[in-house]
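Trainee: Residue numbers (the numbering used here): 3 to 154.
All C-beta atoms in this analysis are idealised placements derived from N, C-alpha and C, irrespective of residue type, glycine included.
Below is a structure I'd like to ask you about.
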């Protein structure tokens, strides 16, 4: 029978996209990743992209209800860290549609929330983050003006 089939699949099949060309509107993150022994860097980078965006460890029936390509994070490049064994910088691009406008909390909860407890990784650190002007412009700033905030 055709239809929903539960199962585990490798993250790199969906979230490792070295051919991806970043957009000016993407939020770009650089993570220092130390995979567990036996976990290839492509899988580790893809796991970070998945777990910090739309991914889950199993196939779920709701995958068919949304456009994964529109919302998923993508690990688009991986560099070995010079002088460090089994450490990599994994570059991940996130589309703006993934995040609520004007919400730093939503953005950081997605990017650095759940992913740090991921078992495929021995260590993970967010090294750098580029927030595009298109997203920055959605922030209203302090409700009473910057001077009131400074005077507090």
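Measuring CA to CA, which of 20, 42, 51, 41 is closest to residue 112?
Mentor: Considering only alpha carbons, the answer is 51.
Trainee: Compute the Euclidean distance between the alpha carbons of residue 129 and residue 91, then round it to the nearest angstrom.
Mentor: Their backbone Cα atoms lie some 8 Å apart in a straight line.
Trainee: By the 10 Å Cβ neighbour count, where 16 or more other Cβ atoms means buried, how is residue 101 classified, buried or exposed?
Mentor: Residue 101 is buried by the Cβ-count criterion.
Trainee: With H, G and I counted as helix, E and B as strand and the rest as coil, what does DSSP make of residue 157?
Mentor: The requested residue 157 does not occur in the structure, where the chain is confined to residues 3 to 154.
Trainee: Where does residue 76 land, buried or exposed, given buried means 16+ other C-beta within 10 angstroms?
Mentor: When all chains shown are included, residue 76 counts as buried.
Trainee: In the stretch 70-145, which residue ranges form an unbroken alpha helix (DSSP H) of at least 4 residues, counting only runs that do not cross its ends?
Mentor: The qualifying runs are 70-73, 106-114, 135-138.
Trainee: Let me check one thing: in DSSP terms, what residues is residue 32 bridge-paired to?
Mentor: Partner(s): 93, 130.
Trainee: Are at least three pairs of beta-carbons, each pair with one atom in the stretch 134-148 and one in the stretch 31-47, less than 8 Å apart?
Mentor: No, the stretch 134-148 does not touch the stretch 31-47.
Trainee: Whose C-alpha, out of 124, 27, 144, is nearest the C-alpha of residue 95?
Mentor: Ranking 124, 27, 144 by Cα distance to residue 95 puts 27 first.
Trainee: So residue 88 and residue 20 are in contact, right, with Cβ under 8 Å, and what is the actual spacing, rounded?
Mentor: In fact, because the Cβ distance is near 20 Å, the residues do not count as touching under 8 Å.
Trainee: Whole angstroms is fine: what's the gap from residue 123's alpha carbon to residue 45's?
Mentor: Cα-Cα distance, rounded: 10 Å.
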